[in-house]
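Visitor: Numbering (my numbering), first residue to last: 118 to 410. Beta carbons: idealized from backbone N, C-alpha and C, even for Gly.
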């Protein structure tokens, strides 16, 4: 036998499931926006132009556009279509973009822990250091909102062998990081089952637009095609569709115009789907564990 990951079992998509999401919907759809902060110097970065000399003001200013402009325009556009929006939050944004997170939270956005900054990684951390890092993020969000986040998504999707156990130990209730299924999946953990909610590794403007150089119209059409196909596939089982965007990528005006076409398409089907956020999916699965596999 080959070495395999040990967090989840194989469950084919053809395994029937008669359960539904709220209001009898079969397809849950959520959008999540990365609102991030980067270290001006060492650490990992998301760059538009590779190989820039240091100090790199060009890529830095491109990322800063997201917090000054893109995040707010995206939130307004989602509100215009009455679509819920969750936020993957680097908590350093609280210090570096005062008032931004508070405005997003006041608009109804769920805040999901996404590290202190996106120059960070969980890779290589020992268990004590990793737990302290996870706790720091949770406490920062709780300090500003009055309650800790339920969800976690790792900077750069990095994990250690301890991550899932440590998430549970520090009060998180679900993780968004993997792309193995269109259904919520119970992960094996030393502390008992831990919920993974489907997370788009490809329907993601970072990996697709920046990583693979897809156009804004390509990305919009990908969202529409994914939605139409999953709506068809969900006829006999509850599924989840996720779309991952970033404030400094999809918040650029020409991309926002194309993204809006996909938002409008999905909004026209609202009577037949469950437009939601990951925390609501978690609550639903907690009430009916069989919605996950």
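(1) So, using beta-carbon positions, are residue 378 and residue 323 closer together than 8 Å?
(2) Please report the Cβ distance between residue 191 and residue 328, rounded to the nearest whole angstrom; I am assuming they are in contact, meaning their Cβ atoms lie under 8 Å.
(3) In the DSSP assignment, what residue or residues form a beta bridge with residue 204?
(4) Quick one, which of 307, 391, 264 has its alpha-carbon nearest residue 282's?
(5) Report yes if the CB atom of residue 248 is closer than 8 Å to the CB atom of residue 286, and no otherwise.
(6) So residue 377 is in the alpha helix (DSSP H); what residue range does that whole segment cover?
(7) Exposed or buried, residue 101, counting other C-beta atoms within 10 Å across all chains shown (16 or more means buried)?
(8) Can you give the beta carbon distance from residue 293 to residue 326, rounded, assuming they're within the 8 Å contact cut?
(9) Helix, strand or coil, according to DSSP, for residue 341 in the structure here?
(10) Buried or exposed for residue 374, going by 16 or more other Cβ atoms inside 10 Å?
(11) With three or more C-beta pairs closer than 8 Å as the rule, is the stretch 124-138 touching the stretch 157-166?
(12) Let's test the definition: count the other Cβ atoms within 10 Å of the Cβ of residue 263 and tell me whether it reaches 16, buried, or not, exposed.
(13) For the alpha helix (DSSP H) that residue 398 lies in, which residues bound it at each end?
(14) Taking 8 Å as the cut-off, decide whether the C-beta atoms of residue 231 and residue 205 are in contact.
(15) Provide the residue(s) that pair with residue 291 in DSSP beta bridges, ordered along the chain.
(16) Go through its chain and collect everything with a Cβ distance to residue 297's Cβ below 7 Å, but skip five positions before and after it.
(17) DSSP on residue 197, reduced to helix/strand/coil?
(18) For residue 257, I'd like the list of residues in its chain whose CB is within less than 7 Å of its CB, leaving aside the five on either flank, ordered along the chain.
(19) Can you list, in chain order, the residues of its chain whose CB lies under 6 Å from that of residue 383, leaving out five sequence neighbours each side?
(20) Please return the same chain residues whose Cβ sits closer than 7 Å to the Cβ of residue 347, not counting the five positions on each side in sequence.
(21) To the nearest angstrom, report how far apart residue 188 and residue 217 are at their CA atoms.
(22) Is the beta carbon of residue 165 sitting closer than 8 Å to the one on residue 176?
(23) Along the chain, where does the beta strand (DSSP E) that runs through residue 357 open and close?
(24) Residue 182 to residue 363, Cα distance in whole Å?
(25) Between the Cα of residue 284 and the Cα atoms of 273, 269, 320, which residue gives the shortest distance?
(26) Could you pull the start and end residues of the beta strand (DSSP E) that residue 304 belongs to?
(27) So, are the CB atoms of residue 312 and residue 402 less than 8 Å apart?
Guide: The relevant details are as follows:
(1) Mapped onto the chain shown, residue 378 falls at position 261. Mapped onto the chain shown, residue 323 falls at position 206. No; because the gap between Cβ atoms is not below 8 Å, this pair is not in contact.
(2) Walking along the chain shown from the start, residue 191 turns up at place 74. Walking along the chain shown from the start, residue 328 turns up at place 211. That belief does not hold up - the Cβ atoms of residue 191 and residue 328 are roughly 20 Å apart, past 8 Å.
(3) Within the chain shown, residue 204 is the residue found at index 87, counting from 1. BP columns for residue 204 point to 150, 228.
(4) In the chain shown, residue 282 corresponds to position 165, counting from 1. Comparing Cα-Cα distances from residue 282 to each of 307, 391, 264, the minimum goes to 307.
(5) What you label residue 248 is simply residue 131 of the chain shown in a count that begins at 1. What you label residue 286 is simply residue 169 of the chain shown in a count that begins at 1. Yes, Cβ-Cβ distance for residue 248 and residue 286 is below 8 Å.
(6) Taking the first residue of the chain shown as position 1, residue 377 is located at position 260. Unbroken alpha helix (DSSP H) run through residue 377: 370-384.
(7) Only positions 118 to 410 of the chain appear in this structure, which leaves residue 101 out of reach.
(8) Taking the chain shown and counting its residues from 1, the one referred to as residue 293 is at position 176. Taking the chain shown and counting its residues from 1, the one referred to as residue 326 is at position 209. About 19 Å; that fails the 8 Å criterion.
(9) Counting from 1 along the chain shown, the entry for residue 341 is found at position 224. In the structure shown, residue 341 sits in a helix (DSSP, three-state: H, G or I).
(10) On the chain shown, residue 374 is found 257 positions in, with the first residue counted as 1. Looking at its Cβ environment, which holds fewer than 16 other Cβ atoms inside 10 Å, residue 374 is exposed.
(11) no
(12) Counted from its first residue, the chain shown places residue 263 at position 146. Exposed, because fewer than 16 other Cβ atoms sit within 10 Å of the Cβ of residue 263.
(13) Here residue 398 corresponds to residue number 281 of the chain shown, with the count starting at 1. Counting along the chain, the alpha helix (DSSP H) containing residue 398 begins and ends at 395-404.
(14) Along the chain shown, one-based indexing puts residue 231 at 114. Along the chain shown, one-based indexing puts residue 205 at 88. In this structure, residue 205 lies closer than 8 Å to residue 231 by Cβ.
(15) Locating residue 291 in the chain shown gives position 174, counting from the first residue. Residue 291 pairs with 268, 312.
(16) The residue given as residue 297 occupies position 180 in the chain shown. Around residue 297: 125.
(17) By one-based count along the chain shown, residue 197 stands at place 80. Helix, per DSSP.
(18) Locating residue 257 in the chain shown gives position 140, where the first residue counts as 1. 208, 211.
(19) As a working mapping, residue 383 is identified with position 266 in the chain shown. 344.
(20) Mapped onto the chain shown, residue 347 falls at position 230. Contacts found: 144, 299, 356, 358.
(21) Numbered from 1 along the chain shown, position 71 holds the residue referred to as residue 188. Numbered from 1 along the chain shown, position 100 holds the residue referred to as residue 217. Between residue 188 and residue 217, the C-alpha separation is close to 8 Å.
(22) Position 48 of the chain shown, counting from 1, holds the residue named residue 165. Position 59 of the chain shown, counting from 1, holds the residue named residue 176. In this structure, residue 176 lies closer than 8 Å to residue 165 by Cβ.
(23) Here the question's residue 357 lines up with position 240 in the chain shown. Unbroken beta strand (DSSP E) run through residue 357: 356-363.
(24) Within the chain shown, residue 182 is the residue found at index 65, counting from 1. Within the chain shown, residue 363 is the residue found at index 246, counting from 1. Computed Cα separation, rounded: 11 Å.
(25) For the purposes of this step, residue 284 is taken as the residue at position 167 of the chain shown. Ranking 273, 269, 320 by Cα distance to residue 284 puts 269 first.
(26) Numbered from 1 along the chain shown, position 187 holds the residue referred to as residue 304. Where residue 304 is concerned, the enclosing beta strand (DSSP E) stretches over 302-304.
(27) Counting from 1 along the chain shown, the entry for residue 312 is found at position 195. Counting from 1 along the chain shown, the entry for residue 402 is found at position 285. Against a cut-off of 8 Å, the Cβ pair of residue 402 and residue 312 comes out as a contact.
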